[in-house]
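Below is one structure, written out as structure tokens; the observations come after it.
Number of protein chains: 2
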Amino acid sequence: MTSKPNSPSTPTCSAAPASYGAVSASNFSPVNLVGIVGDDFPEEHIALFRKRDINLDGLQTVPGKTFRWSGEYMWDMNTRETRSVAFNVFEHFTPDLPAHYKNAGIVLLANIAPDLQHHVLDQVGQPRFVIADTMDLWIDIAKESLTRLVARVNMLILNDGEARQFTGETSLIKAGRAIRDMGPDFVAIKKGEHGCLLFGPENSFFSCPAYPLEDIHDPTGAGDTFAGGLAGYLAAHSPNGTIPFDLLKKAVVHGSVLASYNVEAFSLERLKTVDKSQIDSRYDLFRRIAHFELP
Amino acid sequence: MTSKPNSPSTPTCSAAPASYGAVSASNFSPVNLVGIVGDDFPEEHIALFRKRDINLDGLQTVPGKTFRWSGEYMWDMNTRETRSVAFNVFEHFTPDLPAHYKNAGIVLLANIAPDLQHHVLDQVGQPRFVIADTMDLWIDIAKESLTRLVARVNMLILNDGEARQFTGETSLIKAGRAIRDMGPDFVAIKKGEHGCLLFGPENSFFSCPAYPLEDIHDPTGAGDTFAGGLAGYLAAHSPNGTIPFDLLKKAVVHGSVLASYNVEAFSLERLKTVDKSQIDSRYDLFRRIAHFELP
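So the protein sequences, as listed, match chains C and P.
One rule links them: number in the numbering used here = place in the first sequence (from 1) + 1.
One rule links them: number in the numbering used here = place in the second sequence (from 1) + 1.
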């Protein structure tokens with residue numbers, strides 16, 4: 002979905018996640034968006050994409066309804082369970098990427114069917130870092146395809162319940178390491194109010210705190226915002242192609258910063274007004290929350 | 002329970018918590034122990050106390066059985082529920098502190114009935130910092146006394162479920178702030194595999210990660226070990242009496258380091274062999290787990 006100007010394209014798929022992911026990533030880097038929406042998709046979102054310099058050559062608008070996920074957030078706003086998914090216009094979506102998307106550097110395969118993630122990834126030439134997001138539904142109904150996808154990507158993002166479901170491990174530490182054994186160098190396990198765990202090569206490990214929110218107004222899109230912010234930050238800060246663990250730590254914090262803003266208001270309301278100084282200020286707050294040895 | 006050599010006494014109460022708390026604290030500071038045990042109390046624990054230079058003038062040994070807590074740790078080893086408590090010799094324990102305990106600097110009121118915590122605290126002259134530990138049982142059966150105690154101490158330690166139970170708040174952020182409003186400057190909410198939250202004055206906040214353990218062999222005493230390590234570290238590093246938030250952050254990390262060792266083996270087995278270099282090495286590991294801006 003995101004990239005450096007000099008490696009100009011990184012696609013994402015799925016419109017709903019893309020709305021959050023693309024806007025979040027656009028704080029750091031140009032974004033090329035791939036997805037499909039119905040004619041019910043809000044015009045103001047399209048206007049926001051354009052304003053944020055998000056390339057829409059890969060976005061199709063067709064008659065019908067946009068993809069909708071419906072589920073339940075538990076009392077702690079941490080845990081979600083998929084109740085229903087209306088694929089709608091997504092059902093027969095097999096996008097051909099615009100030519101200028103195919104040399105993407107950083108690819109974010111946002112949370113959609115693993116088969117579709119494969120289809121998008123197949124079209125990208127030599128990406129230097131591929132991130133896949135997923136959810137409980139795909140572990141339930143498309144585990145084989147997801148497992149093959151995981152082996153093709155550099156990083157998998159999922160939440161704690163999904164990590165347990167995917168691996169059968171109760172311990173998140175075992176689950177994170179078990180997913181790494183399936184292929185990706187990096188695994189991020191999101192834990193809602195408890196922050197996020199990052200697993201990397203040679204037992205490298207990072208525990209990112211959650212921003213201390215008293216109230217969550219709308220958790221919708223928090224995961225997509227996190228993934229988008231992370232991908233955008235990586236695109237902007239890995240010009241020579243290498244992604245060391247220390248850079249991924251900072252990317253996870255930036256994703257968490259954006260997600261913490263997102264849940265403060267309904268829909269894209271908060272995300273569309275957040276600016277660089279607010280991001281930097283909250284990043285600094287995360288530093289004070291997490292660091293116990295200060296210079 | 003613990004103190005600097007020049008302010009030589011800080012009592013604790015309750016034998017079972019004290020076994021872990023005192024040994025943990027003794028890594029940093031001399032300890033004066035107060036408590037009562039039955040004649041079933043293991044002789045090797047007494048020997049360990051002596052070896053660790055833990056003053057036992059305040060420890061009574063009487064005929065009968067030692068206090069026993071019995072409960073259930075949930076599948077995630079995070080959550081405990083009290084099933085039964087056998088007070089045994091504790092039932093009529095109203096200790097008179099040895100005279101040389103009464104000028105304690107740092108007082109740890111380990112997890113026992115709030116009335117008994119009051120009784121001990123009444124006898125200490127001018128402590129510069131008082132920490133109270135508690136659990137679900139006291140919130141259930143002695144909430145009024147606990148609430149009065151909380152108003153008398155500088156810091157309360159409890160776990161996440163207990164913080165929710167005590168305050169009626171679902172959000173741990175609201176719960177931590179609500180407990181601070183009851184009196185103590187600092188509140189530590191332990192979250193097991195998710196680490197620990199520290200709340201302080203002027204909305205100061207710290208999120209301490211958990212050590213990434215794959216297996217927990219025995220969670221018994223982890224909370225007491227945490228509190229003891231925290232108190233011992235404070236005693237050793239606050240010579241001029243002030244306890245700033247940054248010092249408490251490090252104390253929480255040292256408590257977490259000790260607790261992470263404790264759960265690696267049964268009973269006091271691991272705790273009795275841990276040494277300064279192991280503590281320092283794991284403290285450094287916590288730094289690499291938590292910090293995302295490295296010098």
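Glycine included, C-beta positions come from ideal geometry on N, C-alpha and C.
Owing to the predicted nature of the structure, the values given are computational and were not obtained by experimental measurement.
Taken through DSSP and simplified to helix, strand or coil, Gln-127/P comes out as coil. Neighbours of Ala-179/C in chain P, taken as residues at a C-beta separation under 9 Å, are lacking, since the least C-beta distance is about 10 Å. DSSP places Thr-135/P outside any beta strand (DSSP E), giving it a letter other than H or E. Chain C has no Cβ within less than 8 Å of the Cβ of Glu-265/P.
Contacts with chain P (Cβ-Cβ distance below 7 Å) from the stretch 239–270 of chain C involve Asp-247, Lys-250, Lys-251 and Val-254, listed in chain order. In summary, no residue of the stretch 37–65 of chain C has a CB separated from any CB of chain P by less than 9 Å.
Going by DSSP, Asp-58/P is part of the beta strand (DSSP E) stretching over 55–63. Residues of the stretch 268–293 of chain P with a C-beta atom less than 7 Å from some C-beta of chain C are Arg-288, Ile-290, Ala-291, His-292 and Phe-293, listed in chain order. Around the C-beta of Thr-243/P, fewer than 16 other C-beta atoms lie within 10 Å, and the residue is accordingly described as exposed. Nearest neighbour of Val-86/C by Cα position, chosen from Asp-97/C, Ile-113/C and Ile-107/C, turns out to be Ile-113/C.
By the 16-neighbour rule on beta-carbons within 10 angstroms, Ser-30/P is buried. Taking 8 Å as the Cβ-Cβ cut-off, the stretch 199–210 of chain C approaches chain P at Phe-206, Phe-207, Ser-208, Cys-209 and Pro-210, given in chain order.
Neighbourhood of Ile-174/P in chain C, by CB distance below 7 Å: Pro-213, Leu-214 and Glu-215, in chain order.
DSSP links Lys-52/P through a beta bridge to no other residue. Among the CB atoms of chain C, one or more fall inside 8 Å of the CB of Lys-192/P. Interface residue (Cβ-Cβ distance to chain C less than 8 Å): Leu-295/P is classified as such.
Val-32/C: member of the beta strand (DSSP E) spanning 32–39, first to last residue. Pro-240/C is classed as exposed because its beta carbon has fewer than 16 other beta carbons within 10 Å across all chains shown. Annotation: Ser-27/P to Ser-146/P spans about 30 Å, alpha carbon to alpha carbon. Within the same chain, and ignoring the five residues on either side of Glu-270/C in sequence, no residue has its Cβ closer than 7 Å to its Cβ. Under the Cβ distance rule, Gly-230/P does not count among the residues neighbouring chain C, no pair being separated by less than 8 Å. With its beta carbon less than 8 Å from one in chain C, Gly-196/P belongs to the interface. The stretch 165–192 of chain C is shown to contain whole alpha helix (DSSP H) runs of 4 or more residues at 173–182, in chain order. DSSP, reduced to helix, strand and coil, places Ile-244/P outside both helices and strands of the structure shown, so it counts as coil.
According to the DSSP secondary-structure assignment, Ser-261/P is paired through a beta bridge with no residue. For Phe-287/P, the uninterrupted alpha helix (DSSP H) segment begins and ends at 277–291.
Each residue's CA atom was taken as its position, placing Val-258/P and Tyr-284/P some 6 Å apart.
Gly-230/C is the residue among Gly-230/C, Arg-289/C, Glu-203/C and Met-136/C whose C-alpha sits nearest the C-alpha of Ile-107/C. Here Pro-115/C is buried: its Cβ has 16 or more other Cβ atoms, across all protein chains shown, within 10 Å. When Cβ pairs closer than 8 Å are counted between the two stretches, the stretch 247–255 of chain P is seen to touch the stretch 188–203 of chain P, the count reaching three or more. For Leu-214/P, there is no enclosing beta strand (DSSP E), as DSSP marks it with neither H nor E. Here Asn-160/P carries a strand assignment [DSSP, helix/strand/coil].
Per DSSP, the continuous alpha helix (DSSP H) segment holding Ser-146/P begins and ends at 144–151.
By the CB criterion at 8 Å, Met-136/C and Phe-187/C fall outside the cutoff. CA-CA distance, Ile-55/C to Val-63/C, rounds to 19 Å.
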